[in-house]
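Novice: Sequential numbering of the sequence shown, starting at 130, is according to our numbering. Idealized CB from N, CA, C, for every residue including glycine. In this text, all values refer to a predicted model and were calculated from it rather than measured experimentally.
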Amino acid sequence: MSQKKKRIDFLEGEKEILEVAYDGGMKNASKNCQDAIKSVAERLSCSEDRVKMWIGNRNSKVKGPGGAKIPKTRYTRGPSAYNIIAKTVERGTLSGPEYLKKVATTWQATPDEERKTATEQAKKIKLDPHLNMTKDEAVFHHLKLISKSI
Numbered sequence: 130m131s132q133k134k135k136r137i138d139f140l141e142g143e144k145e146i147l148e149v150a151y152d153g154g155m156k157n158a159s160k161n162c163q164d165a166i167k168s169v170a171e172r173l174s175c176s177e178d179r180v181k182m183w184i185g186n187r188n189s190k191v192k193g194p195g196g197a198k199i200p201k202t203r204y205t206r207g208p209s210a211y212n213i214i215a216k217t218v219e220r221g222t223l224s225g226p227e228y229l230k231k232v233a234t235t236w237q238a239t240p241d242e243e244r245k246t247a248t249e250q251a252k253k254i255k256l257d258p259h260l261n262m263t264k265d266e267a268v269f270h271h272l273k274l275i276s277k278s279i
């Protein structure tokens with residue numbers, strides 16, 4: 130059975146050298162960082178593998194618990210006439226695909242005049258996103274946007 134490696138922490142001065150190199154771009158073990166890794170390893174009189182391990186641990190520390198958070202896709206467009214019409218369709222107990230078929234059928238059966246009205250309504254909402262919201266709904270909406278940006 131192999132023995133466990135003894136943990137050897139870097140000293141404060143060594144950590145400063147590693148941090149300076151990290152801030153200078155030595156953020157991974159790719160080919161473009163090999164020279165920096167080799168240089169730092171020689172300066173610290175340690176193996177390149179130990180420096181690479183420190184880089185990996187440092188990256189994990191930056192990402193925090195649970196790994197990197199992938200930002201949610203921002204909405205780039207407002208509602209469309211189709212969305213306005215779809216809101217009028219009752220879902221009831223329909224499954225997702227059944228509901229979408231019902232919405233598509235309703236959209237196809239919608240007269241051009243109603244579509245134009247829905248298009249105008251969608252344009253108004255795009256210009257003023259809080260058009261049909263109560264004060265509380267608007268505040269909640271803003272708080273939600275702020276929490277996503279943090």
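Tell me whether Val191 is buried or exposed, calling it buried when 16 or more other Cβ atoms sit within 10 Å of its Cβ.
Specialist: Val191 comes out exposed.
Novice: Could you have a look at Pro226 and say whether DSSP puts it in helix, strand or coil?
Specialist: Residue state, collapsed to three classes: helix.
Novice: Going by the CB atoms, is the gap between Lys181 and Ala158 shorter than 8 angstroms?
Specialist: Going by C-beta atoms, Ala158 is nearer than 8 angstroms to Lys181.
Novice: Looking only at C-alpha atoms, which of His259, Ile214 and Lys231 sits nearest to Arg220?
Specialist: For Arg220, the nearest C-alpha among the options comes from Lys231.
Novice: When you compare only the Cα positions, how much space is there between Lys252 and Gly193?
Specialist: Roughly 42 angstroms between the two C-alpha positions.
Novice: Name the residue from Lys135, Trp183 and Asp138 whose alpha carbon lies nearest to the alpha carbon of Lys156.
Specialist: Among Lys135, Trp183 and Asp138, the Cα nearest to that of Lys156 is on Trp183.
Novice: Looking only at C-alpha atoms, which of Leu256, Asn186, Lys144 and Ile214 sits nearest to Asp241?
Specialist: For the residues Leu256, Asn186, Lys144 and Ile214, the minimum Cα distance to Asp241 belongs to Ile214.
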